[in-house]
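Chemist:
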Amino acid sequence: MRAIRRARSHLRRLVLSANADHLLTLTYRDNVTDFDRTSADLARFIRRVKQYLPDWVYIAVPERQQRGAWHWHLAVVGRQDVELLRAAWRDAVGDGNIDVQKPKSRTANRRLALVKYLGKYLTKGFEDGNRVLNGHRYRASLGIQVPCQTI
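Heads up: the sequence shown begins at 6 in the numbering used here, then just goes up one per residue.
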């Protein structure tokens with residue numbers, strides 16, 4: 006439970022510090038159940054996007070569907086070049102799709118809605134029983150400046 010709270014808290018700080026306000030979902034056409042493969046695919050996708058958008062910021066959380074397939078949810082900043090992202094994802098995985106949208110929320114604060122949404126999938130990842138010791142449950146861009154307070 007402490008690990009879940011700590012991960013959700015750090016995820017919240019990352020999303021709020023990055024000013025992320027859109028949700029990008031990366032999916033596979035095939036039923037990909039190998040998490041190591043999906044992690045490598047995400048890394049390839051990010052490298053391709055960073056070639057064209059070096060300052061692109063993301064916070065990524067995996068989700069395992071009921072059928073066992075993995076896909077990724079990413080918090081991103083601002084409007085996105087959908088064609089570039091779709092081409093980069095298909096180049097990385099072969100056959101897949103992306104979806105970019107504002108988080109659906111009843112409140113006006115999109116960033117908090119995004120934190121809740123990603124936090125739900127982060128928690129789901131801990132509770133599914135497939136936890137690896139010291140395994141990372143989310144990925145994030147390097148260089149997101151999270152303010153800290155020294156006491």
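Yeah, the Cβ is synthetic: ideal placement off N, Cα and C, and Gly gets one too. A quick note: this is a predicted structure, and the numbers were derived from the prediction, not measured.
Tell me the DSSP secondary structure of K109 in three-state form.
Modeler: Here residue 109 corresponds to residue number 104 of the sequence shown, with the count starting at 1. If DSSP states are grouped into helix, strand and coil, K109 belongs with coil.
Chemist: Just curious, the beta strand (DSSP E) that Y63 is in, first and last residue?
Modeler: Locating residue 63 in the sequence shown gives position 58, where the first residue counts as 1. Note, Y63: beta strand (DSSP E), 63 to 69.
Chemist: Near L79, what residues of its chain come up, given a Cβ to Cβ distance below 6 Å and the 5 sequence neighbours on each side ignored?
Modeler: Numbered from its first residue, the sequence shown carries residue 79 at position 74. Once the five neighbours on either side are set aside, the close Cβ partners of L79 are L29, Y63, A65.
Chemist: Just mark Q85 as buried or exposed, buried being the case when its beta carbon has 16 or more other beta carbons within 10 Å.
Modeler: Here residue 85 corresponds to residue number 80 of the sequence shown, with the count starting at 1. So Q85 counts as buried.
Chemist: Looking at the unbroken beta strand (DSSP E) that takes in L79, where does it start and where does it end?
Modeler: Working through the sequence shown from its first residue, we reach residue 79 at position 74. Counting along the chain, the beta strand (DSSP E) containing L79 begins and ends at 75 to 81.
Chemist: Tell me whether D46 is buried or exposed, calling it buried when 16 or more other Cβ atoms sit within 10 Å of its Cβ.
Modeler: Taking the first residue of the sequence shown as position 1, residue 46 is located at position 41. Buried.
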